[in-house]
Amino acid sequence: EVKLQQSGDELVRPGASVKISCKASGYTFTNYAMYWVKQSPGQGLEWIGTIIPLIDTTSYNQKFKGKATLTADKSSNTAYMELSRLTSEDSAVYYCARVHRYNLYVMDAWGQGASVTVSS
Amino acid sequence: DIQMTQSPASLSASLEEIVTITCQASQDIGNWLAWYQQKPGKSPQLLIYDATSLADGVPSRFSGSRSGTQYSLKISRLQVEDIGSYYCQQAHSNPDTFGAGTKLELK
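Below, the structure written as structure tokens:
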């Protein structure tokens with residue numbers, strides 16, 4: 027069974043950073059890219075970026091460049107997203123999602139989501 | 067960025083009713099379109115990809131179609147487990163963008 031287990035909800039101060047993890051199991055981690063998606067009440071769903079763990083290549087939505095940094099650890103089958111210089115606009119639920127192996131935009135498995143609340 | 071205008075924003079329907087949700091793309095996106103279902107408190111799940119292809123394990127009452135730059139998701143006979151929100155996603159041009167969602171409720 028394909029599973030993406032994300033780290034827990036976070037409450038962080040404005041200006042701080044947060045790192046969310048996404049541990050993959052049930053498939054070969056390096057055979058698939060990983061999307062990260064933001065879901066907020068005001069903005070709906072937004073694609074943040076994509077990482078290809080096999081070659082450590084990333085692609086970002088221009089809107090999130092400088093905000094999000096995607097990495098992957100092949101030894102632990104875990105993808106990470108770090109969000110920096112947090113503001114209230116970053117309060118949202120963040121999902122990792124596996125990209126279909128052949129349809130390279132289709133998210134065929136999702137993590138459970140990690141809620142980030144930015145508040146002093 | 068390509069805009070995906072999704073309608074309606076909310077919809078109330080009866081069991082066994084036919085439900086149709088549409089996404090209008092602001093420019094040509096070919097068949098680079100997927101539909102996702104999100105049940106309350108859960109993560110989105112893939113329903114349709116390449117505009118018309120049914121994802122594995124998705125009931126056949128779901129179908130997708132395309133007419134030019136308008137894309138539709140149809141539920142042929144609404145079931146109680148279909149209640150939730152639905153989103154379209156285009157991936158023709160960077161960045162991928164999503165429709166604002168349709169919240170489907172039971173009448």
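So the sequence lines, in the order shown, correspond to chains P and Z.
In this text, residue positions in the first sequence follow our numbering: the first is 27, and each later residue adds one.
In this text, residue positions in the second sequence follow our numbering: the first is 67, and each later residue adds one.
In this text, a Cβ means the ideal position worked out from N, Cα and C, and glycines have one as well.
In this structure, DSSP gives K89/P a helical state, which the three-state scheme calls helix.
When the beta-carbon positions are compared, A50/P and L30/P come within less than 8 Å of each other. Straight through space, the alpha carbons of C48/P and T83/P are spaced by roughly 17 Å.
Any Cβ of chain Z closer than 8 Å to the Cβ of N103/P would place that residue at the interface, and such an atom is absent. At least one CB atom of chain Z sits nearer than 8 Å to the CB of Q88/P.
Nearest CB-CB separation between D94/Z and chain P: not below the 8 Å threshold. With contacts defined by Cβ atoms closer than 8 Å, L99/Z and A117/Z form a contacting pair.
Scanning its chain for C-beta atoms nearer than 6 Å, with the 5 sequence neighbours on each side dropped, one finds around Y86/P the residues G75, in chain order. Ranked by Cα distance from W62/P, the options Y128/P, T143/P and A118/P are led by A118/P.
Pairing S138/Z with T71/Z gives a Cβ-Cβ distance that is not under 8 Å. Counting other Cβ atoms within 10 Å of its Cβ, R39/P stays below 16 and is therefore classed as exposed. Only those residues of the stretch 114-139 of chain Z whose C-beta falls short of 9 Å from the nearest C-beta of chain P are listed: Y115, D116, S119, A121 and D122. Closest by C-alpha distance to A98/P, out of Q65/P, D134/P, E36/P and I81/P, is I81/P.
For Y128/P, the nearest beta carbon of chain Z is not closer than 8 Å to its own beta carbon.
Annotation: Cβ neighbours of L71/P in chain Z (cutoff 7 Å, chain order): Y153 and F164. Look at the beta carbons and you see the stretch 124-136 of chain Z not touching the stretch 126-140 of chain P: under three pairs across the two are nearer than 8 Å.
The beta strand (DSSP E) runs of length 3 or more contained entirely in the stretch 55-103 of chain P are, from start to end of the chain, 60-66, 70-78, 83-86 and 94-99. Partner residues in the beta bridge of K140/Z, as assigned by DSSP, are T86/Z and S129/Z.
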